[in-house]
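Chains as they are written, first to last, in my numbering: chain A, 2 to 362; chain B, 2 to 362; chain C, 2 to 362; chain D, 2 to 362.
The structure under discussion appears below in the form of structure tokens.
Protein chains: 4
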Amino acid sequence: MGNIFGQYLKVATFGESHGPATGVVIDGLPAGLKIDPAKIQRDLNRRRPGQSLFTTSRKESDAAEILSGLTAEGLSNGSSLAILIRNEGAESSGYAALAGKFRPGHADWTYFHKYGLLPQPGGGRASGRETAGRVAAGAVARIFLDELSESTLTVRAGAAAVGPVKALARDWDFAESDPLRFLDPALAQKAQDFVKEAMDQGDSVGAVVEVRAEGLPVGMGSPVFNKLEAKLGGAYFSIGAVRAVELGEGLGLAAGLGSQANDSLGPEGPTGDLHGGVLGGISTGRPLICRLFVRPTPSIRKTQKTINIKGEPAEISVSGRHDPCLAPRLAPVAEAMTLLVLADCWLGPYHRMAEKPEPYL
Amino acid sequence: MGNIFGQYLKVATFGESHGPATGVVIDGLPAGLKIDPAKIQRDLNRRRPGQSLFTTSRKESDAAEILSGLTAEGLSNGSSLAILIRNEGAESSGYAALAGKFRPGHADWTYFHKYGLLPQPGGGRASGRETAGRVAAGAVARIFLDELSESTLTVRAGAAAVGPVKALARDWDFAESDPLRFLDPALAQKAQDFVKEAMDQGDSVGAVVEVRAEGLPVGMGSPVFNKLEAKLGGAYFSIGAVRAVELGEGLGLAAGLGSQANDSLGPEGPTGDLHGGVLGGISTGRPLICRLFVRPTPSIRKTQKTINIKGEPAEISVSGRHDPCLAPRLAPVAEAMTLLVLADCWLGPYHRMAEKPEPYL
Amino acid sequence: MGNIFGQYLKVATFGESHGPATGVVIDGLPAGLKIDPAKIQRDLNRRRPGQSLFTTSRKESDAAEILSGLTAEGLSNGSSLAILIRNEGAESSGYAALAGKFRPGHADWTYFHKYGLLPQPGGGRASGRETAGRVAAGAVARIFLDELSESTLTVRAGAAAVGPVKALARDWDFAESDPLRFLDPALAQKAQDFVKEAMDQGDSVGAVVEVRAEGLPVGMGSPVFNKLEAKLGGAYFSIGAVRAVELGEGLGLAAGLGSQANDSLGPEGPTGDLHGGVLGGISTGRPLICRLFVRPTPSIRKTQKTINIKGEPAEISVSGRHDPCLAPRLAPVAEAMTLLVLADCWLGPYHRMAEKPEPYL
Amino acid sequence: MGNIFGQYLKVATFGESHGPATGVVIDGLPAGLKIDPAKIQRDLNRRRPGQSLFTTSRKESDAAEILSGLTAEGLSNGSSLAILIRNEGAESSGYAALAGKFRPGHADWTYFHKYGLLPQPGGGRASGRETAGRVAAGAVARIFLDELSESTLTVRAGAAAVGPVKALARDWDFAESDPLRFLDPALAQKAQDFVKEAMDQGDSVGAVVEVRAEGLPVGMGSPVFNKLEAKLGGAYFSIGAVRAVELGEGLGLAAGLGSQANDSLGPEGPTGDLHGGVLGGISTGRPLICRLFVRPTPSIRKTQKTINIKGEPAEISVSGRHDPCLAPRLAPVAEAMTLLVLADCWLGPYHRMAEKPEPYL
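This is the structure in structure tokens:
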């Protein structure tokens, strides 16, 4: 259980790292939406491994095949849309050396105790490969939101910090082509240097991924348990390495005074971004801003203490192909989860008798 | 929508600040569980207003009436258990002065735009009063978990920081009787002084609430979208004032190196608490540790800029009865949400053919 | 579990026959809907016991108190609407005689084995009293559908057969005032005579309840698992005594030829009612017609063979206050379930990009 | 929406008649279950077209490929199990003749109005081909139930009636090899003759499919909305051509007296099958018996009146490859839905504190 996400736009993902394929079934898409496979592929390519020094050298074309849900004209037909992505570059040789030892910081130990599974090649379902289906679904959500919003809604994610190097600026176009998706051009080299040095020492680096969505209408999210930040919080924490989530300037607000923690209200609503575009659990129309605090890749070459499946002490050095910093490839996943949440909100039942005919019901 | 929480243990809450009552319907409780109403009342009392200088002077007995779900012997009967809490101390006079003005930092503005609602007395459904039903349900979950775990599972929450004052120690018994539920006896007075000074200036104070659950079995949470931290993250962000959530040492890990971010594995699993008791989305048996970053109470006496419902600029001073710091009353709500998530995990379908007869299926 | 119904309009019911109260929490209602309590009461009164020779003499005012979900002006506020109905006429004396014996045809035996419950006074949660909450929720759904459809959508139910007496005509206004809600004025007396004779012999009578909904738009229901008849079928079979459900002329169609089983299509769609207003799982705009086959009341005075809770053979004569025929009081419940399903369909996400602004999204 | 079924064992199906593939993602299977692909294939083969005179001549190997969810040893791994079935025999030529005309009794007309879809080749998602994914998932549920019950639980379906020919006996082994899956060997030829005659006249035939499940434990199903018959009713009515559903002797009971409608209770529970193995919505341990009333295949060669997509009157003769009677291929689908419901019940949360360690939690 736990492989289905969403209340109105539901996505069921599948696939292990070293199995035959990964993919997703999307249920709840309205009919008549033009689905351009190239747009799905583009987002998958942004998550694809093997694109720079800072991502695993595993080779995957990540070619998406749409199995269902389209008319002959390429429009959504109102039924479930399935996307298949074959695995190609699974290479279990690196894992043989680990056989029988639990990797610290990984799911190996809990999966063994919960499911009785021996450590799986490539991490099985706990692999980052699992996110390919999410990104494919997120790409479909992006197409949907783009059409609904007449191309004014955008969702982007980039690295706001890499290890101790914090971005002081936000250049989203720069980030898109930066190997670490770092948001600050002036500090991008410094961030890379920090990662390279860690790599040289067989180590990995943590990061902060910032998500920024613009062009949201007022009204996304609902009171109590469906607050927009509750849906986003659950979504972001479902991404493997995320260890903290912040909405707007949440961390700072918690340390301060109320008189500095309320955005004044003007004719267009809140006049600032202290609460990341949300008020009372509902979007305000200002940019949605969240930060995901991402742990360093747990797989490192440096020797660590562990145990084997007999419970005996052991040492382990994980020498496979691993991203030294998860930020660049996690960013598209963070975008995907944001897109899925926003599409889910937009598809939710209309909330006001008088607004039935409004654009976002 | 958005008033129902949980997958297996479902709770449907209801009630506005100034309406007749608040409460909850709980669906999914096994039969044969002894429900002691005093235990429900005890948790409700811990959330109750009017208990110290630092909580609103609104008077509510918060007396819980169980309407259904019990046998004559007081055992759960396997059906839905409904709990009713009458509102008593609603006093709308303070709100008259605000009429027609949106309170900054509140749900007023978004509810108006989403639902067409004028600002509601006491905040309506967006009031903290909404959480009474959650706490009542959480108390029932606590009874359930207590029985399942043979009284070894505990969930507690306290203030790890109040404004800039950070607790350096964790004394959970002390916190229970401290008016701010502050965790560090040595710094408790300093925290109180900070809040008093803010109160004197018509201001309010942010805080960090820490949740600690001990005695969890290994195996709570599931891969992908039902990761324990995903369920908790969604639950915590559904609490009105929460603006960031951290699992274990998540914030620090994101700024550091992988070699310092993995707890070594020993015969009992992880040997440290860097990841707050979770690995691969599944509990490890170590303490579950989360931190909720709580914004300062948005209702302050200090004058703020806002607009009225005609969109005209206005000034506002919110002089009603408001907690100057949300930590002491939010802590029981954080416990409740934790308890509901853990009960939900424990009630989930069994996950392993070989473990059918184990204690937590 | 099992006390929550619906996907978009969710209702959580609670309450046992002899407990303090019964009721419902409704989640998902749009804001701004005028909720007239008298309309809720009217539907509750139609289900109320003690109204004729043919219904139990138990006295209940079934007065509904709305606990939440309304603005001061009586409009829905977009949050959960809770309705409380106190139990008044519970009288357990009749049950003492049964103590320790399982009533045949009742839930006693399975509840004992599944939940460990001794036979509950009045049947506990398995009592027909459970349906009061459904009817209250259905009344709210009726208000909603009435407003959406501009008062053109109607849902009615009546007895199409009582024991062997089959109605040959359908007079819906007549049925509303007939003590058996029998649909055929010419045969109503015959139906009553049949029931009276059974009552005299300490027996009870089965029936067929027909539901007819008019004024549905085209488009209710979705392919595959959310077909309109699938949602209705699940809803109807959840009513205690229902043992078969027929859509349109389903029973007859199954025994015949295809050339007689397709309604021709004309400019307005199907030109007949063979399939009860549904095609491909989706409403056609023609009347929705379903029939519920209702078993005779299991509680009868006639002596039956049973066992006691020790498993020893016993005889039982159930002499409490019981409806001799369930049709008249089950009809409003059938209406309620139909209304809830239709409201649920109408609230579902919009299904077509081009139809966003249409009346039923 | 509407492509996901189940509460605990969730299945998401996909695929159109003439698209690239059909299949299913199964979420909620416990880990450690041996999945023999041959068992999945066997059930798919039972539903496969082209097996006799009475089934469409469309050729499909219906070869199932498992894409995920298994360990290297072929055991379920606790995550989602995806099954892919490529379409091979789609042949749209027969459909060209129909282009622009709505087939009576089909989903064409409602899909056009709801989704804006022109009539789809082969019926698109409304095709019987959609059920391949259900049968694959049902086969997995069968494996699961077989293991849980130690091979004592069986679910079978066969034709209890074909047109006016009613089976007077129940020979389940015979039915398995009969081309119509007819349950009565003595009348099987008569049933075939009736169908052949209809075929000769370009017509089709209705049927009644009976489902019989043996070996159920006591306790499947829950009060109120999750009654076993409610889950089954919703499941059966989701199968395209089903127009009525009967539990036990439901149709007869509705026409009779209470004194003949209660199975006496003995030490093992009910002593008869009047209520089809269910009491109070919960299984009794006796055989589960349901009947599905299946309309005749809507696609017939005989000329029918219809309209084209411009709304103009037209005549239509549907000459493609169609089963003249749906019973033989619908029976495995009815089994699959039964298996999915039973597995879902068995996977539901445990319902009784005292029974935690029992075999079916």
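For glycine and all other residues, C-beta sits at the position ideal for the given N, C-alpha and C.
For the putative contact between residue i and residue j, defined by C-beta atoms under 8 Å, what is the C-beta separation to the nearest angstrom?
i	j	result
Ala-337 (chain C)	Arg-135 (chain C)	5 Å
Gly-164 (chain B)	Ala-262 (chain A)	11 Å between Cβ atoms; not a contact.
Leu-248 (chain B)	Ala-245 (chain A)	7 Å
Leu-34 (chain C)	Leu-76 (chain C)	6 Å
Val-26 (chain A)	Ala-13 (chain A)	5 Å
Return the chain-ordered list of same chain residues with a C-beta closer than 6 Å to the C-beta of residue i, the five sequence neighbours on each side being excluded.
i	result
Gly-90 (chain C)	Arg-59, Lys-60, Glu-61
Arg-87 (chain C)	Ala-22
Arg-47 (chain D)	Pro-333
Leu-68 (chain D)	Ala-83, Leu-85
Phe-294 (chain B)	Val-209, Arg-244, Ala-245
Pro-186 (chain A)	Asp-172, Phe-175
I want to verify the contact list: residues of chain B whose CB lies under 8 Å from the CB of residue i, in sequence order.
i	result
Phe-113 (chain C)	Near Phe-113 (chain C) there are no residues of chain B at all, since even the closest Cβ is about 11 Å away, more than 8 Å.
Lys-311 (chain C)	By Cβ distance, chain B contributes nothing, its closest Cβ being about 19 Å from Lys-311 (chain C), past 8 Å.
Tell me, please, which residues DSSP counts as bridged to residue i.
i	result
Gln-305 (chain C)	C:Ile-317
Ile-283 (chain C)	C:Leu-280
Pro-325 (chain D)	For Pro-325 (chain D), which the question treats as bridged, DSSP gives no partner whatsoever.
Asp-172 (chain B)	Paired residues: none, contrary to the question.
Cys-291 (chain B)	B:Val-212, B:Leu-248
Ile-27 (chain C)	C:Val-12, C:Leu-82
Pro-271 (chain C)	C:Leu-266
Val-163 (chain D)	D:Val-166, D:Ala-208
Ile-375 (chain A)	Residue 375 (chain A) is absent from the structure shown; chain A starts at 2 and stops at 362.
Lys-40 (chain D)	Looking at the DSSP assignment, Lys-40 (chain D) forms no beta bridge with any residue, so it has no partner.
Under 7 Å Cβ-Cβ, which residues of chain D neighbour residue i?
i	result
Phe-103 (chain C)	Leu-266
Could you work out which residues of chain D lie near residue i, taking near to mean beta carbons separated by less than 8 Å?
i	result
Phe-15 (chain A)	Val-26, Leu-68, Ser-69, Gly-70, Ser-80, Ser-81, Leu-82, Ala-83
Tyr-116 (chain A)	Ala-32, Gly-33, Asn-78, Gly-79
Pro-218 (chain B)	In chain order: nothing, as chain D lies at least about 13 Å away.
Under 8 Å between beta-carbons, which chain A residues line up against residue i? List them in chain order, please.
i	result
Pro-21 (chain D)	Glu-66, Ile-67, Leu-68, Ser-69
List, in chain order, every chain B residue whose beta-carbon is nearer than 7 Å to that of residue i.
i	result
Leu-340 (chain D)	The contacting residues do not exist; Leu-340 (chain D) stays about 16 Å from chain B at best.
Gly-75 (chain D)	Residues of chain B passing the Cβ test: none, with the nearest at roughly 13 Å.
Whose C-beta lies closer than 8 Å to the C-beta of residue i among residues of the same chain, with five residues either side of it excluded?
i	result
Asn-78 (chain C)	Ala-32, Gly-70, Leu-71, Thr-72
Leu-275 (chain C)	Gly-249, Glu-250, Leu-254, Ala-262, Asn-263, Asp-264
Please list, in chain order, the chain C residues whose beta carbon lies closer than 8 Å to that of residue i.
i	result
Lys-232 (chain B)	Within chain C, no residue comes near Lys-232 (chain B); the closest Cβ sits about 18 Å away, beyond 8 Å.
Arg-330 (chain B)	Within 8 Å Cβ-Cβ: nothing; Arg-330 (chain B) doesn't reach chain C, min ~21 Å.
Pro-224 (chain A)	Gly-79, Ser-80
Whose Cβ in chain D lies nearer than 9 Å to the Cβ of residue i?
i	result
Glu-269 (chain B)	Neighbours of Glu-269 (chain B) on chain D: none; closest Cβ ~22 Å, over 9 Å.
Tyr-237 (chain C)	Ala-231, Gly-234
For residue i, I'd like the list of residues in its chain whose CB is within less than 7 Å of its CB, leaving aside the five on either flank, ordered along the chain.
i	result
Ser-53 (chain A)	Pro-180
Asn-309 (chain C)	Gly-101, Lys-102, Ala-315
Leu-327 (chain A)	Ala-208, Ala-242, Val-295, Thr-298
Ala-199 (chain D)	Ser-205, Val-206, Pro-325
Kindly list, in the order they appear in chain C, the residues whose Cβ is closer than 7 Å to that of residue i.
i	result
Glu-148 (chain A)	Met-354
Could you list which residues in chain A have their beta carbon closer than 9 Å to that of residue i, in chain order?
i	result
Leu-289 (chain C)	In chain order: nothing, as chain A lies at least about 21 Å away.
Requested in this report: Counting only runs of 3+ residues fully inside the segment 185-258 of chain C, write out the beta strand (DSSP E) ranges in chain order.
Outcome: Qualifying beta strand (DSSP E) stretches, in chain order: 208-215, 243-248.
Report task. May I have a chain-ordered list of the beta strand (DSSP E) segments no shorter than 3 residues that lie completely inside the segment 49-97 of chain D? Result -> Runs of the beta strand (DSSP E) inside the segment 49-97 of chain D: 65-67, 82-87.
Query raised in the report: Which whole runs of the alpha helix (DSSP H) in the segment 97-158 of chain A are 4 residues long or more, in chain order?
Result: For the segment 97-158 of chain A, whole alpha helix (DSSP H) runs of length 4 or above, ordered along the chain, are 109-116, 132-149.
Query raised in the report: Which of the residues in the segment 122-142 of chain B, read from start to end, lie with their CB under 7 Å from any CB of chain G?
Result: No chain G appears in the structure shown, which is made up of the protein chains A, B, C and D.
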